[in-house]
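Residue numbers (this note's numbering), protein chains in the order written: chain Z, 34 to 391; chain C, 34 to 391; chain E, 13 to 338; chain R, 13 to 338. The structure appears right after this line, and notes come after that.
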Amino acid sequence: MPIAATFEIEYLQYLNAEGKLVREDLPAFARDVRLLVKMYQEMLMVRIFDAKAIALQRTGKLGTYAPCLGHEATYLAIGSAMQEDDCFAPSYREYGVQFHRGVKPRELLMYWGGDERGNNFSGPAHDFAWCVPIGTQCLHAAGSALAFKIRREPRVAVCTIGDGGSSKADFNSALNVAGAMNLPMVAVIVNNGWAISVPRNAQTGAKTLAQKGIAAGLECIQVDGNDLIAMRAAMDHALKRARHGHGGMVIEAVTYRLSDHTTADDARRYRSEEEVKDAWEREPLRRMKTYLMSLNAWTEEEEIALKEQCSKYVDGEVNAYLETKAQPIEAMFDYTYAELPPDLVEQRNEALAWEKRN
Amino acid sequence: MPIAATFEIEYLQYLNAEGKLVREDLPAFARDVRLLVKMYQEMLMVRIFDAKAIALQRTGKLGTYAPCLGHEATYLAIGSAMQEDDCFAPSYREYGVQFHRGVKPRELLMYWGGDERGNNFSGPAHDFAWCVPIGTQCLHAAGSALAFKIRREPRVAVCTIGDGGSSKADFNSALNVAGAMNLPMVAVIVNNGWAISVPRNAQTGAKTLAQKGIAAGLECIQVDGNDLIAMRAAMDHALKRARHGHGGMVIEAVTYRLSDHTTADDARRYRSEEEVKDAWEREPLRRMKTYLMSLNAWTEEEEIALKEQCSKYVDGEVNAYLETKAQPIEAMFDYTYAELPPDLVEQRNEALAWEKRN
Amino acid sequence: MAQITLIEAVTQALAWEMKHDPSVVVLGEDVGVNGGVFRATQGLLDTFGAERVIDTPLDETTIAGITVGLAAQGMKPVAEAQFEGFIYGMLEQIICHAARMRNRTRGRLTIPAVWRAPWGGGIRAPEHHSEANEALFTNVPGLRVVLPSSPGRAYGLLLAAIRDPDPVIFFEPKRIYRQYKEEVPDDGEALPLDVCFVLRDGSDVTLVTWGAQVKETLEAADALAEEGISAEVIDVATLKPLDFDTIHESVRKTGRCVIVHEAPRTAGFGAEISARLAEHALYDLVAPVERVTGYDTHIPLFRLEMKYLPSVDRIIAAAHRTMEVS
Amino acid sequence: MAQITLIEAVTQALAWEMKHDPSVVVLGEDVGVNGGVFRATQGLLDTFGAERVIDTPLDETTIAGITVGLAAQGMKPVAEAQFEGFIYGMLEQIICHAARMRNRTRGRLTIPAVWRAPWGGGIRAPEHHSEANEALFTNVPGLRVVLPSSPGRAYGLLLAAIRDPDPVIFFEPKRIYRQYKEEVPDDGEALPLDVCFVLRDGSDVTLVTWGAQVKETLEAADALAEEGISAEVIDVATLKPLDFDTIHESVRKTGRCVIVHEAPRTAGFGAEISARLAEHALYDLVAPVERVTGYDTHIPLFRLEMKYLPSVDRIIAAAHRTMEVS
Ligand SMILES: Cc1ncc(C[n+]2csc(CCOP(=O)(O)OP(=O)(O)O)c2C)c(N)n1
Ligand SMILES: Cc1ncc(C[n+]2csc(CCOP(=O)(O)OP(=O)(O)O)c2C)c(N)n1
Ligand SMILES: [Mg+2]
Ligand SMILES: [Mg+2]
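The structure is reproduced here in structure tokens:
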């Protein structure tokens, strides 16, 4: 029978779970050992922040928190590959990307601590805030990419989405419009195996999540999301294509959610300890550390020193967060519209009066 | 680089535009010439109905009407391949499917004539009514398929969707859930080249629309939608797979909208006469007629006689439609809930009182 | 007989109806093994199996659309939106199809489905987990909108919602999911939809509310009682269709009405009640109607949310304002 | 100066603003070559090119979502829903993001976008092309909801909507798109949002309405005048935020109010106006407030639709009822 079209999804990995290179053609950036060390240090910092945030929640000093344990390589690759004037549209646990883009830990804590000011962060002013409604951020990335294209700015919009989120209508709509309009957009599907309690295979009959891009005519690739080198290489490639007007791309980063979904979740209800133990064998930091040490670029002493340093830094941020007073009640009103309509002025006064009374 | 997955989209055609067979392996049904003649007759009947409906609208006797000129083969193939207890979820111009399933022309006219009773039709009681919100019917098909699967009934749900509709979130969601739950559902993308004024290529960067099924892990195929034999063969295959629990399928039927989008549209505003003239060269009836005549299974005399017969029949239906009185005003209330709540009883009486007054 | 919470009453109602009606299925995100993020479907998977307790892909459009399809083909689906703040993706299917199918087909196809969702603020949850968006549904013909406020009413009204031949939006006030327990016989007895419940008789002022706010309203009634002000408390329970007669009867008696709800004030459902009073009870009203509601702003993240939600004090103050007039 | 229709005024406003503000883009289905199915964007593609007059794929979720993205990055998108009945797929993006972005980010990101849609019944259109669903938006903080009722107000209010720094839902009463022409200077003069327009002064009864219904309401006022009843007619124009003062002032004078709208009555926006009267104008009201509205049913297909829409007779009758009291 005549063939109308054929497609191929490649799988990219440089550094395997044991920290050994599995291919020769190392990309240029990966030959810069100091860069690799720096990225590794950032991954470690993210992991330390994550642990402290969970501890804060457990002691009642933070609201529900979504950890990123196991996603560090994927996030660092995204963050380090992007330019500052590129636009990032996250979901809700991409701390590694945000730290690299200048968001302060205290700001992330403020958001999870129930304070909107955390979204008015030190990162790029054009970046989007956390996006709780799954998948909707992908269309913000597409719209941003369209703005860049209209204004002929060499900028790329990057969105991240989960394996569960790859089922959400908005995600597929975003890929489709990116393909239809040839937008400078990169969508990274962070496939960590689970959407709360729903396993990846219950989300779709597709063999890979990367192939969702085929429906939109986008280039797609599946990458070992625990391999910092492979993820960074894929991001560099995708960003370059997009920046030069060659269109959007879908990257499936295969990783694993080593933590509960959030601090409100108990993953033991729905997945086996074995699965998690097995996943720890493939986690991203250990393999990078092994690799760097094999290059004599990293030592246990440096590791210990760095952990201490990160710990101090995060503690400082935590204190800054804890010392932040709640917003005054007016804050509830003052960002609803650019200018407060008469109705709201009245309600605002009403609320202020109650504040005084109590 | 290692390959994670590969895909192929086949293109199916038996009868080319000139009415010549392009492959040897004729499916069994296509060897039954009497069946082919009967299907041809039904296509002709649809075309005659279509013309009369447009004439009715032009003379103010019908509301906005969506013609199906050029889609006859695709629709007949779907209608004739389905079993009565299968479920059909159409958009708004699949007359060929509906006639074959027992819907009366007068009923279709009633709907376009502004009377809900047209949806309470003589076709299968479980079939869905016309669906104006683009793409939403595809999820009704998926839900129906899920009901059949839960009840272990050997039934298939079939939905049709346009090339434009293939961009709608609901369509992609329907494919995804069909794949994820292995549902007995067949989605036919009727690619007629246009979504009102928007050409197929503005809808998506995908090379084929069939490949949208790849994102959902479904089997997909592209078919010459003007070739009754190929379309019927594809439908038979898809229905059989689905009925036997082998999952859903996506069929892209490549055809062309030879008419305006609806009687409210003027296609000359956005497409060239040449394109339309060229499309007429590939229209479905002529090639079938040529083929049947080459088999000495059809003559000009029979054609003329049939046209007259169809014409008479449709005129009878038109008259039945024109003679139907409008519903009483109560009809506006009586199908809002199974039982009218007190509020509405009051409003109903109010409305009736007004009727009496005027 | 066991004492159960509101969330346990929801589970009990689902289990009863699934046991007695094989056409009932539950679907949503994490409703299976996980038993729902609030455990509303806890244990149902083990009892009824994966074909009737369905974890769907993560897409509200999908959930709403297949729910319509299931219902049209004779099933009785109970769909869950994980939070009320994620129900927006379901609106096209609910408004265009669930609410209209009976009317569109002159009764040939009907949608006996329920959409459940945890609803409202006050649990220190993240963004989009604290909304009171019932007003999205109350202007849509063909829908019923139900909001229980106690374990007993959650059980009886959910049974009624599932058995109702038309689509029902069933919002569960998550703030009081586990607030207290009460005896709820598991006898399959449904409560009537379309009636308001008078929780407390009173003669001076009528306090009308629904959902979690029933708690604050009853507390306000207690405080008022201590001052010698007799407040009648009405739980609307079924917002649409509205049983205005019960409210009207009460206001005929008291001449005063305070409406309490979490949602923003402007065009919140309280407006409809206040409007009906202006239209049908004008001469019964001694004092202007009062609305104690969320402000016309987004409910803030949790550090400020309790300042947004109507408080006992605000309800009492509103009642006092109505009492100033005689 | 040219006389133009309401739809031409929409086009004129779009063209003016695109000419004077390069960040304004128009997007939607068939807005390009076809100029929109009602021709609202007629000629814009030729003048401003395909980068600013954008035909999108057929998906409302896409349109709404990229509109949010465009606006967040400094563009001023004017998105079109081809009909109000197809706006449901846009709600999640409008409610969760357009309406909240400023609040969520403490003003860092804002959404200066407009969503236009032909609105309302009475044109013998197919199913889903005749709805009045403004109540979906009026309870959502952060939005503005605007409904012009004349060529001049369509021009001035659309300019204001595009220039407004916050998201605006702009519904265009399609029934009067081409009903009459009037002179509308193309001078870029915006009209104020947040104010009601008093179309006719009167002293006996206040008729409050918006959209296409303004026509029937004015006709009713004429008929009433002939009986010697002086009716004040107010076009609300901007439903949210509501300029209640103008309405209140009028009712203070007349003591009577009839609210007219196409949407179903229960929880329609008329309820908010009636409620505010019950709360702030109780002692001004001589007669109960009246609502003349669509019934609490789906607007029927066109053979019956005119029996659904409020008629001049029904408005007059309601006014008479208010006059019976003195
Ligand atoms: C529209 C919407 N529906 C449901 C939810 C509730 N919810 C929050 S996270 C989540 C699972 C997401 O899984 P995935 O997309 O894989 O991302 P991950 O959490 O694994 O990073 C769900 C269902 C939501 N936030 N938004
Ligand atoms: C949700 C929705 N958006 C917009 C429309 C308006 N509309 C009606 S038909 C149509 C084009 C459909 O094109 P296609 O899907 O290719 O089907 P065709 O009409 O070509 O058969 C549009 C945009 C609609 N009916 N529903
Ligand atoms: Mg996941
Ligand atoms: Mg088409």
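Just so it is clear, CB atoms sit at the ideal spot from N, CA and C, and this is done for glycine as well. Because the structure is a prediction, the values reported are computed rather than measured.
What do you reckon, is the C-beta of Z/R304 under 7 Å from a heavy atom of ligand 3? The residue labelled residue 304 of chain Z in the question sits at position 271 within the first sequence. No; taking the cut-off as 7 Å, the Cβ of Z/R304 has no heavy atom of ligand 3 nearer than that.
Using beta carbons (cut-off 8 Å, strictly below), is C/I183 in contact with chain E? Translated into positions along the second sequence, residue 183 of chain C becomes position 150. C/I183 counts as touching chain E.
Contact set between C/Y303 and chain R, taken where Cβ atoms lie within less than 7 Å: Counted from its first residue, the second sequence places residue 303 of chain C at position 270. Residues of chain R passing the Cβ test: V45, N46.
Proximal residues of chain R, C-beta to C-beta of E/K252 below 8 Å: Working through the third sequence from its first residue, we reach residue 252 of chain E at position 240. In chain order: T278, A279.
Does the Cβ of E/Q94 lie closer than 7 Å to at least one heavy atom of ligand 5? Ligand 5 is absent from the structure shown, which contains only ligand 1, ligand 2, ligand 3 and ligand 4.
Less than 7 Å separating the Cβ of Z/F121 from some heavy atom of ligand 2? Mapped onto the first sequence, residue 121 of chain Z falls at position 88. No, since every heavy atom of ligand 2 falls outside the 7 Å radius drawn around the Cβ of Z/F121.
Note down, in chain order, each residue of its chain lying with its Cβ closer than 6 Å to the Cβ of E/P160, except the 5 sequence neighbours on either side. The residue given as residue 160 of chain E occupies position 148 in the third sequence. Same-chain partners within the cutoff: A166, L169.
Of the residues E/G214, E/M87, E/I241, E/R112, the one placed nearest C/I183, counting alpha carbons only: For the purposes of this step, residue 183 of chain C is taken as residue 150 along the second sequence, with counting starting at 1. For the residues E/G214, E/M87, E/I241, E/R112, the minimum Cα distance to C/I183 belongs to E/M87.
Count the C-beta pairs between the stretch 272-287 of chain R and the stretch 208-225 of chain R that are closer than 8 Å, then say yes if the count reaches three, no if not. yes
Can you list every residue whose CB sits closer than 7 Å to some heavy atom of ligand 4, going in chain order? C/G195, C/D196, C/G197, C/V223, C/N224, C/N225, C/G226, C/W227, C/A228, C/R290
Please identify, using Cβ separations under 8 Å, the residues of the stretch 30-44 of chain R that lie next to chain Z, in order along the chain. V37
Grab me the residues of E/R303's own chain with a C-beta within less than 7 Å of its C-beta, minus the 5 sequence neighbours each way, in chain order. The residue you call residue 303 of chain E lines up with position 291 of the third sequence. Cβ within range, chain order: I271, R277, G282, S286.
N- and C-terminal bounds of the alpha helix (DSSP H) containing C/A353: Stepping through the second sequence from its first residue, residue 353 of chain C is reached at position 320. Taken as a continuous stretch (DSSP letters only), the alpha helix (DSSP H) holding C/A353 covers 333-356.
So, with DSSP's three-state summary, where would you put E/H292? Translated into positions along the third sequence, residue 292 of chain E becomes position 280. Three-state DSSP puts E/H292 in a helix.
Check each candidate in Z/L355, Z/L54, Z/R64, Z/A275 and name the one with the smallest Cα separation from Z/V191. On the first sequence, residue 191 of chain Z is found 158 positions in, with the first residue counted as 1. Comparing Cα positions, the closest option is Z/A275.
Contact residues within the stretch 286-299 of chain R, judged by C-beta distance below 9 Å to chain E: S286, A287, R288, L289, A290, E291, H292, A293, L294, Y295, L297, A299
Evaluate Z/Q380 with the Cβ neighbour count: other Cβ atoms within 10 Å of its Cβ, from every protein chain shown; 16 or more gives buried, anything less gives exposed. The sequence position of residue 380 of chain Z within the first sequence is 347, counting from 1. So Z/Q380 ends up on the buried side.
Where R/N115 sits in the DSSP three-state scheme: Reading the fourth sequence from its first residue, position 103 is the one you call residue 115 of chain R. Helix, per DSSP.
Is Z/E57 near ligand 2, with its Cβ less than 7 Å from a heavy atom? The residue you call residue 57 of chain Z lines up with position 24 of the first sequence. Answer for Z/E57: no, Cβ out of range of ligand 2.
Looking at chain C, which residues of the stretch 78-111 of chain R have a Cβ within less than 8 Å of any of its Cβ atoms? G97, F98, Y100, G101
Near ligand 1: R/S35 beta-carbon under 7 Å from a heavy atom: For the purposes of this step, residue 35 of chain R is taken as the residue at position 23 of the fourth sequence. R/S35 Cβ: outside cutoff for every heavy atom of ligand 1.
Indicate the three-state DSSP secondary structure (helix, strand or coil) for R/A125 in the structure shown. Taking the fourth sequence and counting its residues from 1, one reaches residue 125 of chain R at position 113. It is coil, neither helix nor strand.
Relative to the C-alpha of Z/P60, which candidate in Z/A330, Z/G281, Z/E335, Z/R265 has its C-alpha closest? The sequence position of residue 60 of chain Z within the first sequence is 27, counting from 1. The residue with the shortest Cα to Cα distance from Z/P60 is Z/R265.
Run down chain C in chain order and give the residues with a C-beta less than 9 Å from the C-beta of Z/V42. Residue 42 of chain Z sits at position 9 when you count from the first residue of the first sequence. Position check: residue 42 of chain Z holds Ile in this sequence, whereas Val was assumed. What Z/I42 touches in chain C: I36, A37, A38, T39, F40.
Counting beta carbon pairs with one atom in the stretch 278-293 of chain Z and one in the stretch 61-71 of chain Z, are three or more of them shorter than 8 Å? no
Would you say the stretch 140-149 of chain Z touches the stretch 212-228 of chain Z, given that touching needs at least three Cβ pairs under 8 Å? no
I'd like to know whether the C-beta of Z/A384 is nearer than 8 Å to at least one C-beta of chain E. To locate residue 384 of chain Z, count along the first sequence from 1; it is residue 351. Chain E contact via Cβ: present.
Members of the stretch 119-139 of chain E near chain Z, C-beta cut-off 7 Å: R136, A137, P138, E139
If contacts are defined as beta-carbon pairs under 8 Å, then Z/I111 and Z/V136 qualify, I think. What distance do you get, rounded to the angstrom? For the purposes of this step, residue 111 of chain Z is taken as the residue at position 78 of the first sequence. For the purposes of this step, residue 136 of chain Z is taken as the residue at position 103 of the first sequence. Going by Cβ atoms, the distance from Z/I111 to Z/V136 rounds to 13 Å, so no, they are not a contact pair.
Counting only Cβ pairs nearer than 8 Å, list the residues of chain E close to C/P374. For the purposes of this step, residue 374 of chain C is identified with residue 341 of the second sequence, where counting begins at 1. D206, P253, listed in chain order.
Residues bridged to R/T17 [DSSP beta-bridge criterion]: The residue given as residue 17 of chain R occupies position 5 in the fourth sequence. Answer is none; R/T17 lacks a bridge partner.
Rounded to the nearest angstrom, how far is the Cβ of E/V263 from that of E/L297, given a contact under 8 Å? Mapped onto the third sequence, residue 263 of chain E falls at position 251. Mapped onto the third sequence, residue 297 of chain E falls at position 285. With a Cβ gap of about 7 Å, E/V263 and E/L297 count as contacting.
Given a threshold of 16 other Cβ atoms within 10 Å of its Cβ, counted over all protein chains shown, does R/Y189 qualify as buried or as exposed? As a first step, residue 189 of chain R is located in the fourth sequence; it is residue number 177 there, counting from the start. By the neighbour-count rule (16 or more Cβ atoms within 10 Å), R/Y189 is buried.
Bridge partners for Z/M282 per DSSP, in chain order? Along the first sequence, one-based indexing puts residue 282 of chain Z at 249. Note: Z/M282 sits in a beta bridge opposite Z/V219, Z/E252.
Can you tell me which of E/T117, E/G132, E/V126, E/H292 puts its alpha carbon nearest to the alpha carbon of E/V157? Residue mapping note: residue 157 of chain E aligns to position 145 of the third sequence, counting from 1. It is E/V126.
The stretch 284-300 of chain C: which residues have C-beta closer than 9 Å to a C-beta of chain Z, in chain order? E285
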